[in-house]
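J.:
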Amino acid sequence: MPAVRRESSVLHVDLDAFFAAVEQRDKPSLRGKPVVVGGIGPRGVVSTASYEARVFGARSAMPTSEARRRCPSGTAFLGGRFDAYRLSSGVVMDLLRELSPIVEQVSVDEAYVDLAAGTPRDLSPEALRSLGQELLHRITAETGGLTASVGIAPSKMMAKIGSELNKPAGLTLIEPGTEQEVLAPMSVRAIAGVGPATGARLHAFGVETVADLARVSESDLVAIFGQAHGTSLVRLARGEDDRAVESQRETKSVSVEETFETDIADPAVLERELDLMVARLASRIGQSAVFGRTTTVKVRQHDFSQLTRSGTLPYATGDPAVIGRQARRLLAGIDVTSGIRLLGVGVSGLTTHAQEELELGEDLFSATTPADLEVPDSIGAVQEEAPPRHTAELVHGPQWRPGADVVHDELGAGWVWGSGLGRVTVRFEGPRTVPGPVRTFATDDPALSAGEPPDWRHQP
DNA sequence: TCTGGGGTCCTAGGACCC
DNA sequence: TCTGGGGTCCTAGGACCC
1 MPAVRRESSV
11 LHVDLDAFFA
21 AVEQRDKPSL
31 RGKPVVVGGI
41 GPRGVVSTAS
51 YEARVFGARS
61 AMPTSEARRR
71 CPSGTAFLGG
81 RFDAYRLSSG
91 VVMDLLRELS
101 PIVEQVSVDE
111 AYVDLAAGTP
121 RDLSPEALRS
131 LGQELLHRIT
141 AETGGLTASV
151 GIAPSKMMAK
161 IGSELNKPAG
171 LTLIEPGTEQ
181 EVLAPMSVRA
191 IAGVGPATGA
201 RLHAFGVETV
211 ADLARVSESD
221 LVAIFGQAHG
231 TSLVRLARGE
241 DDRAVESQRE
251 TKSVSVEETF
261 ETDIADPAVL
271 ERELDLMVAR
281 LASRIGQSAV
291 FGRTTTVKVR
301 QHDFSQLTRS
311 GTLPYATGDP
321 AVIGRQARRL
331 LAGIDVTSGI
341 RLLGVGVSGL
351 TTHAQEELEL
361 GEDLFSATTP
371 ADLEVPDSIG
381 AVQEEAPPRH
391 TAELVHGPQW
401 RPGADVVHDE
411 LGAGWVWGSG
421 LGRVTVRFEG
431 PRTVPGPVRT
441 FATDDPALSA
451 GEPPDWRHQP
């Protein structure tokens with residue numbers, strides 16, 4: 001793809017003050033009044049402030065306590081009704097999918113549309129303006145009165161900048177070749193990927209506007225910001241952005257976190273909270289039918305400093321007992337005695353094919369105990385997770401060399417393994433409440449035939 | 001009562017392997 | 001025995017986005 005598209009074929013839609021607008025639509029008494037939606041607890045922050053509330057300085061990401069100080073009495077502070085927001089969001093996304101098969105939903109209130117995909121259409125400025133106007137009207141009509149802002153441009157970055165330029169209920173068309181002139185007077189903060197930290201560092205070099213940035217050499221920017229960030233700054237400052245609109249993006253991680261109303265220093269209380277969060281996490285990854293190998297525990301301390309601890313298992317799992325055991329071990333390695341304000345847990349290293357391994361394990365478990373496994377090649381190994389306090393043994397054919405009955409790892413879980421030829425049986429004693437995945441491997445690892453425990457991490 | 005919750009991507013260092 | 005480069009995986013932290 002060329003560095004810059006030659007037509008304005010990317011459309012960006014942003015719903016105006018979305019959460020607050022839904023509340024005002026559904027509750028006529030709130031219309032014309034300041035409305036703030038977000039966390040309403042002592043440590044809440046603002047998600048969305050209505051335009052009436054913005055007059056008083058309320059903003060997204062501001063502590064709700066500060067918004068309360070700024071806004072007059074009579075301001076509505078609401079916790080949010082996410083099902084209602086999702087419903088209206090879905091109506092808008094369906095409208096966008098009528099425009100093009102390629103729609104990238106960025107969040108509940110924002111999306112990109114690739115106007116060059118699907119049936120060929122007229123991409124002349126006149127045609128694009130009427131397409132945009134029609135979309136704005138349809139969004140308002142079909143959502144019962146919500147408004148959106150639309151930017152149409154040759155790239156994602158310029159389309160997004162465009163949708164910001166005439167908010168609310170505005171349409172901005174940026175024609176190819178005009179990117180630099182639109183960008184030049186803007187603050188560097190308008191560029192995708194320039195946040196508070198990069199903005200402050202650029203400021204220290206006297207760089208305030210995109211025009212200033214465009215005068216800095218690429219080698220200087222790479223030296224200051226690193227390879228990826230430096231080169232991307234150079235290109236985006238010139239308005240060069242050929243990132244594709246991607247309709248289906250793969251989920252890389254899933255996490256749950258919670259800020260407590262007051263800091264918690266009691267490890268037992270934290271462990272209970274952690275278990276509840278793991279249950280929520282496991283239910284979410286179960287719904288999306290993915291399994292993760294890496295568990296990460298996150299802690300924000302009383303002084304707002306943040307720590308993460310992660311651990312990677314040799315296989316992917318969605319089992320709350322396995323994730324919970326990992327998470328508790330990780331949390332135990334963190335000093336919480338001075339009190340923590342936030343606890344989080346997540347999984348990454350997601351796969352869907354691990355599902356087959358899990359099903360294999362469950363099948364084996366539900367079918368029979370002992371379970372029989374065919375070893376796939378001349379030398380093979382089998383690994384099965386044994387929950388703590390369970391025993392297991394390998395029953396093997398004449399050419400099978402048992403490795404061990406149960407090898408306990410640092411989690412307290414057991415691994416059964418062996419190597420050799422032919423068929424092997426894994427027999428568990430005691431109730432198996434945590435059926436883990438069974439894996440068999442073919443390998444030519446000499447350590448295996450020498451009777452050493454295999455390194456499962458390097459198995460395919 | 002200052003600072004939510006859910007994500008993505010990048011970097012840097014160490015371990016390990018070839 | 002010594003020297004060494006490249007690639008991958010893992011961990012921890014940081015910036016950024018909505």
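Residues 1 to 460, numbered by the UniProt record's numbering, are exactly what the first sequence covers, in order. Even for Gly, the Cβ is constructed at its ideal location relative to N, Cα and C.
So, with DSSP's three-state summary, where would you put His-203?
T.: Three-state result, His-203: helix.
J.: What's the gap between the Cα of Leu-135 and the Cα of Val-210?
T.: Rounded to the nearest angstrom, the two C-alpha atoms are 31 Å apart.
J.: Using CA coordinates, which residue listed in Arg-300, Gly-41, Gly-145, Thr-351 is at the minimum distance from Phe-19?
T.: Ranking the options by Cα distance to Phe-19, first place goes to Gly-145.
J.: What is the DSSP secondary structure of Thr-231, reduced to helix, strand or coil?
T.: Thr-231 falls in the helix class under three-state DSSP.
J.: Consult DSSP for Thr-294 and reduce its assignment to one of helix, strand or coil.
T.: Looking at Thr-294 - three-state DSSP - the assignment turns out to be strand.
J.: If you follow the alpha helix (DSSP H) that Ile-139 is part of, which residue opens it and which one closes it?
T.: From DSSP, the alpha helix (DSSP H) with Ile-139 extends over 125-142.
J.: Check whether the Cβ atoms of Ala-67 and Val-46 lie closer than 7 Å to each other.
T.: Yes, the Cβ-Cβ distance between Ala-67 and Val-46 is below 7 Å.
J.: So which of Leu-281, Leu-115, Leu-96 has the shortest CA-CA distance to Ser-9?
T.: Measuring from the Cα of Ser-9, the nearest candidate turns out to be Leu-115.
J.: What residue range is occupied by the uninterrupted beta strand (DSSP E) comprising Glu-257?
T.: Looking at the DSSP string, the run of the beta strand (DSSP E) that includes Glu-257 is 253-264.
J.: Take the Cβ of Val-269 as the centre, count every other Cβ of all protein chains shown within 10 Å, and call the residue buried at 16 or more, exposed below.
T.: By the neighbour-count rule (16 or more Cβ atoms within 10 Å), Val-269 is not buried but exposed.
J.: Could you tell me the boundaries of the alpha helix (DSSP H) in which Asp-114 lies?
T.: From DSSP, Asp-114 is part of no alpha helix (DSSP H) but of the beta strand (DSSP E) over 110-114.
J.: Please report the distance separating the alpha-carbon of Glu-126 from that of Ile-152.
T.: If I take the Cα positions, the gap works out to 12 Å.
J.: DSSP has Leu-307 in a bridge; who is on the other side?
T.: Looking at the DSSP assignment, Leu-307 forms a beta bridge with Val-299.
J.: Using DSSP with H/G/I as helix, E/B as strand and the rest coil, what is Trp-400?
T.: Reliability of the predicted coordinates at Trp-400 is poor, the pLDDT of 45 falling under 50, and no value is obtained from them.
J.: Phe-77 by DSSP, collapsed to three states: which one?
T.: Strand, per DSSP.
J.: Can the beta-carbon of Gly-339 be found closer than 7 Å to that of Ala-237?
T.: No, these two residues do not count as a Cβ contact at 7 Å.
J.: Assign Gly-420 to buried or exposed, taking buried as 16 or more other Cβ atoms, counted over all protein chains shown, within 10 Å of its Cβ.
T.: In this prediction, Gly-420 scores a pLDDT of 43, lower than 50, which makes its location untrustworthy; no coordinate-derived value is stated.
J.: Taking 8 Å as the threshold, find out whether the region 93-100 comes into contact with the region 69-85 through three or more Cβ pairs.
T.: Segments in contact, no.
J.: For Ala-17, write down the residues that DSSP places opposite it in a beta bridge.
T.: Its beta-bridge partners do not exist; DSSP assigns none.
J.: Quick test of the definition: if touching needs 3 or more C-beta pairs under 8 Å, does the region 179-187 touch the region 201-215?
T.: Taking 8 Å as the limit for Cβ pairs, the verdict is that the region 201-215 does touch the region 179-187.
J.: Below 7 Å between beta carbons: does that hold for residue 463 and Val-234?
T.: In the structure displayed, the chain extends from 1 to 460; residue 463 sits before or after that span and is not available.
J.: Kindly identify the DSSP beta-bridge partner or partners of Val-35.
T.: Beta-bridge pairing links Val-35 to Ala-76.
J.: Measure the CB-CB distance between Ser-348 and Gly-292 and report whether it falls below 7 Å.
T.: For Ser-348 and Gly-292, yes; Cβs fall inside 7 Å.
J.: Please name the residue in Thr-143, Pro-154, Thr-147 whose C-alpha comes closest to that of Val-113.
T.: Nearest of Thr-143, Pro-154, Thr-147 to Val-113, Cα basis: Pro-154.
J.: Given Gly-239, which residues of its chain have a CB within under 6 Å of its CB, disregarding the five upstream and five downstream residues?
T.: Around Gly-239: Glu-179, Gln-180, Leu-183.
J.: Identify every residue that forms a DSSP beta bridge with Val-46.
T.: Paired residues: Gly-38.
J.: Whole-angstrom Cβ separation of Thr-251 and Leu-350, contact assumed at under 8 Å?
T.: That pair is a contact at about 6 Å.
J.: At 4 residues or longer, and completely inside the region 139-190: list those alpha helix (DSSP H) runs for me, N to C.
T.: Runs found: 156-165, 179-183.
J.: In whole angstroms, what is the alpha-carbon distance linking Gly-226 and Asp-220?
T.: About 10 Å.
J.: DSSP three-state label for Val-103, please.
T.: Strand, per DSSP.
J.: Note down the Cα distance separating Leu-15 from Ser-89, rounded to an integer number of angstroms.
T.: For Leu-15 and Ser-89, the distance between alpha carbons rounds to 9 Å.
J.: Please tell me whether Ala-197 and Met-157 are closer than 7 Å, where the distance is taken between their beta carbons.
T.: Taking 7 Å as the Cβ cut-off, Ala-197 and Met-157 do not qualify as a contacting pair.
J.: What residues match up with Val-345 in a beta bridge as DSSP calls it?
T.: Answer by DSSP bridge pairing, in chain order: Val-256, Val-297.
J.: Cβ atoms of Gly-318 and residue 462: under 7 Å apart, would you say?
T.: Only positions 1 to 460 of the chain appear in the structure, and residue 462 is not among them; the question remains open.
J.: Put Val-4 into one of helix, strand or coil per three-state DSSP.
T.: Note: Val-4 maps to coil in three-state DSSP.
J.: Ignoring anything shorter than 4 residues, give me the alpha helix (DSSP H) runs that lie fully in the region 311-338, in order along the chain.
T.: Within the region 311-338, the complete alpha helix (DSSP H) runs of at least 4 residues are 320-332.
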